[in-house]
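Take a look at the structure below.
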Amino acid sequence: MVRGVSALILLGASAYASAADAPPLSSYEIPRINLAPRIDGKVDAAEWREAKRVVIDIETDPAENVRTTVSADAFIMEDGETLYVAFIASDPDVSQIRAFYSDRDLLWDDDFIGIVLDTFNDERRAYEFWVNPLGVQADSIYDDVNRRGDESWNAIWDSAGRITTEGYEVEMAIPLKQLRFSPSDSKQVWGVDFVRQFPRDRENRISNNPIDRDILCYLCQIRKLEGLADLQTSRNLEVIPTLTTTSVQNRSRSLGPWEKPGLDPDAGVDVRWGITQDLYLNATLNPDFSQVEADAPQLD
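With the first letter of the sequence shown counted as 1, position 186 gets the number 245 in our numbering; the numbers rise by one all the way through.
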């Protein structure tokens, strides 16, 4: 048992040593703008001329770090309150684009594109924001230690997308108050990855930087985003009021008139408070059970 644990420790140490020995990738400086773009799915050159442009052209899966001809351009900028991200994704055969209108977080069989943000730069967790060519959203918090994402996390942000004759375009506006990060009077340093999912005869993952499969951590290999100076951290407090009403009508005879009683209102409130990076408080007063999903049965 001790021998197995020792082997696991050595394996982990070896993997992270490889990550430390790898040459550092260049960082991106994010520009601050004064005029916000319109989020309508049309990446207007005039609106995005001040943005930092990043090329997404490295296939990391299933091929390993191979340049691909199916590329995309990412554009990123901020105004002190909102992070703006846009993508222009080329496609040699637009008829093969997979895109459907669906509920939130259900775009995984579609073409989609997005951004990964390690806002604490601790290479442990990251926010993920994805959009398909029709503007459908997905978001999650990725845990690099356990190698899985939590799709139950939902931010409030804007997105739009459209299919063009040459591929598709996507725009995002992510309020910075939806993110958690370390307070700093100087500029922020975040981990960032731009990723395109290109499903055709196989699932192709295309990124802006290579990923070494022999290194166990993913977030330790992505580039850094620098800028975002003088940001004010949010209070990490969400208050969601609810109001439901019911009305029941009765009649004494099968052909008699319906009685019309008044409405019966029922109010409640949900509160979510991020106390620390790892600790959340969720409270509910008079919960609205009509919005609660049933637990799926599980067999262990």
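Quick reminder that beta carbons are idealized off the backbone N, C-alpha and C, glycines included. On a predicted model such as this, the values are computed, not experimentally measured, just so you know.
Just measuring C-alpha positions, the residue of E228, Q237, L94 sitting nearest R331 is Q237.
In the structure shown, the three-state DSSP call for S130 is strand. Residue environment for V307: exposed (fewer than 16 other C-beta atoms within 10 angstroms of its C-beta). The criterion of a C-beta distance shorter than 8 Å is satisfied by D170 and R157.
As the crow flies, the alpha-carbon of V153 is around 26 Å from that of K111. With respect to the 8 Å criterion, W249 and L176 are classified as neighbours on the basis of their beta carbons. If you look at S149, you'll find it in the beta strand (DSSP E) that goes 141-149. Cβ-Cβ distances below 7 Å link R272 to E123 in the same chain, with the five nearest sequence neighbours on each side left out; the list follows chain order. In this structure, the straight-line span from the alpha carbon of N205 to that of I274 is close to 14 Å. When rounded, the separation of the alpha-carbon atoms in R264 and P242 is 33 Å.
Assignment of K283 by DSSP, reduced to helix, strand and coil, places it in the strand class. Scanning its chain for C-beta atoms nearer than 7 Å, with the 5 sequence neighbours on each side dropped, one finds around A232 the residues I98, T141, Y143, W216, D217, in chain order.
Taking C-beta separations shorter than 7 Å and ignoring five residues to either side along the sequence, the partners of Y160 in its chain run L193, V195, following chain order.
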